[in-house]
Amino acid sequence: MLRLLRTGASTTVISSAFSPSITSLRRFLSLGHSTAATTTATWSSEPEPKPRRGLPPVAVFWDLDNKPPNSVPPYDAAVRLKLAASRFGPVELAVAYANRHAFRHVPAPVRAQRRDRRTLDRLEDAGSIAPAEPHLCRVCGRRFFQRSRLVNHFRQLHEREQAKRVARLGSARGGRRVRLAAELSAKMDKYRRAAREVLVPRVGYGLAEELRRAGVVVREVPDRPEAADRALREHMVEAMDRGLLGCLVLVSDDLGFAGVLREAKMRCLKTVVVGDEKREGALKRIADAGFSWQEVASGKAAKEAASVMGRWKDRELLKRLEWTYSPGEDRSEWADDEEGYGLETGSDGGESAGSSDDGAMGLAGKTITGNWWHLESAESSDSARRNLGLHTKGGNQR
Numbered sequence: 001m002l003r004l005l006r007t008g009a010s011t012t013v014i015s016s017a018f019s020p021s022i023t024s025l026r027r028f029l030s031l032g033h034s035t036a037a038t039t040t041a042t043w044s045s046e047p048e049p050k051p052r053r054g055l056p057p058v059a060v061f062w063d064l065d066n067k068p069p070n071s072v073p074p075y076d077a078a079v080r081l082k083l084a085a086s087r088f089g090p091v092e093l094a095v096a097y098a099n100r101h102a103f104r105h106v107p108a109p110v111r112a113q114r115r116d117r118r119t120l121d122r123l124e125d126a127g128s129i130a131p132a133e134p135h136l137c138r139v140c141g142r143r144f145f146q147r148s149r150l151v152n153h154f155r156q157l158h159e160r161e162q163a164k165r166v167a168r169l170g171s172a173r174g175g176r177r178v179r180l181a182a183e184l185s186a187k188m189d190k191y192r193r194a195a196r197e198v199l200v201p202r203v204g205y206g207l208a209e210e211l212r213r214a215g216v217v218v219r220e221v222p223d224r225p226e227a228a229d230r231a232l233r234e235h236m237v238e239a240m241d242r243g244l245l246g247c248l249v250l251v252s253d254d255l256g257f258a259g260v261l262r263e264a265k266m267r268c269l270k271t272v273v274v275g276d277e278k279r280e281g282a283l284k285r286i287a288d289a290g291f292s293w294q295e296v297a298s299g300k301a302a303k304e305a306a307s308v309m310g311r312w313k314d315r316e317l318l319k320r321l322e323w324t325y326s327p328g329e330d331r332s333e334w335a336d337d338e339e340g341y342g343l344e345t346g347s348d349g350g351e352s353a354g355s356s357d358d359g360a361m362g363l364a365g366k367t368i369t370g371n372w373w374h375l376e377s378a379e380s381s382d383s384a385r386r387n388l389g390l391h392t393k394g395g396n397q398r
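Each residue of the sequence shown is one higher than the one before, starting from 1 at the first, in UniProt numbering.
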């Protein structure tokens, strides 16, 4: 038995044997459609995570001349530092200052790692050792059993292609530059990620590039004594004047920043210092909290931030509950109380009641006018005489 299925203008002949399967397929599609709609509705109804409110903005100031990330890779150090600072509030600013010598310097751990890498490359070229897995080019996907050949391939092919892209982007102008940058951005990012693993920087070890990749603003200062410290202090004071921060995080051990930390505390800002664990200097004593590089790198600083903020809240609560003596406020309160009882302060500092010179408050809360030595009124004197006469008659009758 045959059945016709019309779809638009075309007609298709379908056997009746396949009708149950088509029906079940339709049911499955309708069920899947309704399930997808339900899932979409459920996802849309889920509340999005709300950002933490009530926390002050945080600014991180890094003195690279005094505290470079020698024991930790620059990118990892910057990411962990920002993670620890974010526990005190949203990080609005992260800036690092240094001169060109800090960017040209190569730490001892990096030099030792490069020396070991050169030794392994020589052994691979001589055939003494073989890598467990071939070296993979992250740009084109080619595999090499010797790392030296991978480096030559990368320099001869991909480095030249990157130079051509940069030249094209530099020569473009206006809207064409915008479109070209959008077109080449994926390839350029892919090259940069691969170059970090293959190529060795000609100068330094890529400190500035790694910090920028982590979201830290890097600024180079002239080669003058204390140039980085002076520029960092000026930036900190400017940020405080503009009201851009509520918590200041300083990465340094230099005692020259003690004055800036005191000024920040006078402005009711929270201060955190990240320095060396072995040196418990004046900065950590001045600041509200202090951590070491080891605590930041291990994540201990991020965990202890909650307890530190709890101590800050307790301290603020105790300050609000403290009683402070203010002569002006106390005098005004006493003046208000005197006015409430009907007493006024005269021009000579004495007290007067109403418009009279000498007054007293009655037991019923009414003001008694007149002098105290005046005799009572006539009505009161007559009543006193009558009472006195009654008492006298009663005594005579007895």
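The beta carbon of each residue, even a glycine, is placed where N, CA and C say it ideally should be.
For clarity, every value in this text was computed on a predicted model and none was experimentally measured.
Beta strand (DSSP E) containing residue i: first to last residue?
i      : result
Leu250 : Cys247 to Val251
Val60  : Val58 to Asp63
Ala289 : Ala289 to Ser292
Ala98  : Val91 to Ala98
Val218 : Val217 to Glu220
Val274 : Lys270 to Gly275
What are the boundary residues of the alpha helix (DSSP H) that includes residue i?
i      : result
Lys319 : Lys300 to Leu321
Glu133 : Element bounds for Glu133: n/a, residue is neither H nor E.
Gln162 : Glu159 to Ser171
Ala208 : Leu207 to Arg213
Val139 : Run containing Val139: none; DSSP gives neither H nor E here.
Val178 : Gly174 to Val198
Asp229 : Ala227 to Asp241
Val260 : Ala258 to Met266
Val151 : Arg147 to His153
Leu283 : Ala282 to Ile286
If we define contact as Cβ-Cβ less than 8 Å, is residue i a contact residue for chain D?
i      : result
Pro134 : The chain inventory of the structure shown lacks chain D, comprising one protein chain alone.
CB-CB under 7 Å to residue i, same chain, minus the five flanking residues each way: which ones, in chain order?
i      : result
Arg104 : Val203 and Gly204
Tyr191 : Val139, His158 and Gln162
Pro69  : Ala77
Leu150 : His135, Cys137, Phe144 and Val198
Ala94  : Val60, Lys82, Gly215, Val216 and Val217
Gly89  : Leu55, Pro56, Pro57, Val58, Gly246 and Cys247
Skipping 5 residues on each side, what residues in its chain have a beta carbon closer than 8 Å to that of residue i?
i      : result
Arg267 : Met240
Ala130 : Glu124 and Phe145
Arg193 : Arg138
Asp348 : In this prediction, Asp348 has a pLDDT of 48, which is less than 50 and means its spatial position is unreliable; what the coordinates show is noted afterwards. Excluding residues within five positions, none has a Cβ falling inside 8 Å.
Do you know offhand how far residue i's Cα is from residue j's?
i           : j      : result
Glu316      : Pro56  : 15 Å
Met236      : Val260 : 8 Å
Gly127      : Gln113 : 21 Å
Lys164      : Pro222 : 32 Å
Ala102      : Val200 : 17 Å
Leu232      : Asp121 : 43 Å
Arg111      : Arg176 : 43 Å
Ala108      : Ser71  : 9 Å
Ala301      : Leu64  : 20 Å
Gly170      : Ala186 : 17 Å
Asp189      : Lys303 : 34 Å
Lys265      : Asn99  : 29 Å
Leu318      : Gly206 : 48 Å
Gly275      : Leu248 : 14 Å
residue 401 : Asp314 : Beyond the ends of the chain as shown, which are 1 and 398, falls residue 401; an answer cannot be given.
Ala172      : Arg155 : 25 Å
What residue from the options has the CA that sits closest to residue i's CA?
i      : options                           : result
Val106 : Ala208, Val79, Ala130 and Glu124  : Ala208
Gln146 : His153, Ile129 and Glu124         : Glu124
Phe61  : Ala130, Ala228 and Lys164         : Ala228
Pro134 : Gly246, Ser128 and Arg142         : Arg142
Val91  : Ala194, Leu81, Tyr97 and Pro68    : Leu81
Glu234 : Val216, Lys187, Glu263 and Arg320 : Glu263
Ala96  : Asp314, Arg230 and Val178         : Arg230
Arg168 : Ala181, Gln156 and Gly175         : Ala181
Arg311 : Arg122, Lys270, Asp276 and Glu295 : Lys270
Tyr75  : Glu295, Gly170 and Arg196         : Arg196
Ala305 : Pro73, Lys67, Arg100 and Arg87    : Arg87
Thr119 : Arg100, Ser148 and Asn99          : Ser148
Asn66  : Lys319, Leu255 and Leu321         : Leu255
Pro73  : Ala297, Lys319 and Leu321         : Ala297
Ser252 : Glu220, Lys265, Leu244 and Trp293 : Trp293
Val79  : Arg179, Lys303 and Arg212         : Arg212
Glu226 : Arg242, Phe257, Leu244 and Glu210 : Phe257
Enumerate in chain order the residues of its own chain whose CB-to-CB distance from residue i is below 6 Å, with the five nearest sequence positions on each side excluded.
i      : result
Val273 : Leu250, Leu283, Lys284, Ala287 and Gly290
Val308 : Ala289
Ala9   : Residue confidence for Ala9 is low, a pLDDT of 39 falling below 50, so the modelled location carries little weight; the figure read from the coordinates is stated next. Same-chain partners within the cutoff: there are none.
Arg219 : Tyr97
Ala84  : Val296, Ala301 and Ala302
Mind checking whether the beta-carbon of residue i lies closer than 7 Å to any heavy atom of the ligand MG?
i      : result
Ser252 : Judged by which ligands are present, the structure shown has none, so any question about the ligand MG falls away.
### Query
Of all the alpha helix (DSSP H) runs that stay within the bounds of the segment 65 to 130, which reach a length of 4 or more residues?
With a minimum length of 4 residues, the continuous alpha helix (DSSP H) runs that stay inside the segment 65 to 130 are 74 to 86, 100 to 104 and 108 to 126.
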